[in-house]
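Start counting the sequence shown at 12; every next residue gets the next number (this note's numbering).
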Amino acid sequence: MFWNKKAHAKVAGKIREEVEDPPLVGASKDTSLMFFAAMQDESRSMWKRSELFVVSFAFDGKSKDFYVDRDVFDTLEEGNEGILTYSGNKFISFEQRSKLI
12 MFWNKKAHAK VAGKIREEVE DPPLVGASKD TSLMFFAAMQ DESRSMWKRS
62 ELFVVSFAFD GKSKDFYVDR DVFDTLEEGN EGILTYSGNK FISFEQRSKL
112 I
């Protein structure tokens, strides 16, 4: 079990990845035919599409990438500083430091 760790960090980068997955293969003959048809479909219209959101944080002289929810991704900008809480490779939270005006 990992313990939550905290570090003063800076948002070093953001990446939105589009992922395409083929249909699931089942045991039935019909499903196998559907999978074969999907694999031959160059437009990949039968494939499942989703997005992954990755944020890179710089802290302690290194950089570490975390998958985050879209709402977290949308609130962060490169250069934001704050307290990063994580456990192993799992993002927990990022509490941004208030900017002085």
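Where is the CB? At the ideal position from N, CA and C, for every residue including glycine. All values derive from a computational prediction rather than experimental measurement.
What number of angstroms, rounded off, separates the C-alpha of residue i from the C-alpha of residue j?
i       : j       : result
Ile-26  : Val-66  : 6 Å
Arg-81  : Val-30  : 15 Å
Asp-76  : Leu-87  : 14 Å
Phe-84  : Ala-69  : 16 Å
Gln-59  : Gly-24  : Reading off the sequence shown, one finds Lys at residue 59, where the question assumed Gln. Computed Cα separation, rounded: 27 Å.
Leu-63  : Lys-101 : 14 Å
Asn-115 : Glu-106 : This structure does not reach residue 115, given that the chain is present from 12 up to 112, and the question cannot be answered.
Leu-111 : Gly-72  : Since pLDDT at Leu-111 reaches only 43, below the 50 mark, its modelled position is unreliable, and the value read off the structure follows with that caveat. For Leu-111 and Gly-72, the distance between alpha carbons rounds to 25 Å.
Ile-94  : Ala-18  : 6 Å
Val-79  : Ser-98  : 13 Å
Ser-61  : Glu-89  : 23 Å
Lys-16  : Ser-74  : 15 Å
Ala-20  : Ser-104 : 11 Å
If you reduce the DSSP assignment to three classes, tell me which class residue i lands in.
i      : result
Ile-26 : strand
Asp-82 : helix
Gly-93 : strand
Could you tell me the boundaries of the beta strand (DSSP E) in which residue i lies?
i      : result
Arg-7  : The question about residue 7 has no answer here: the residues shown for the chain are numbered 12 through 112.
Asp-62 : A small fix is needed here, since residue 62 is Glu in this sequence, not Asp. Element bounds for Glu-62: 59 to 70.
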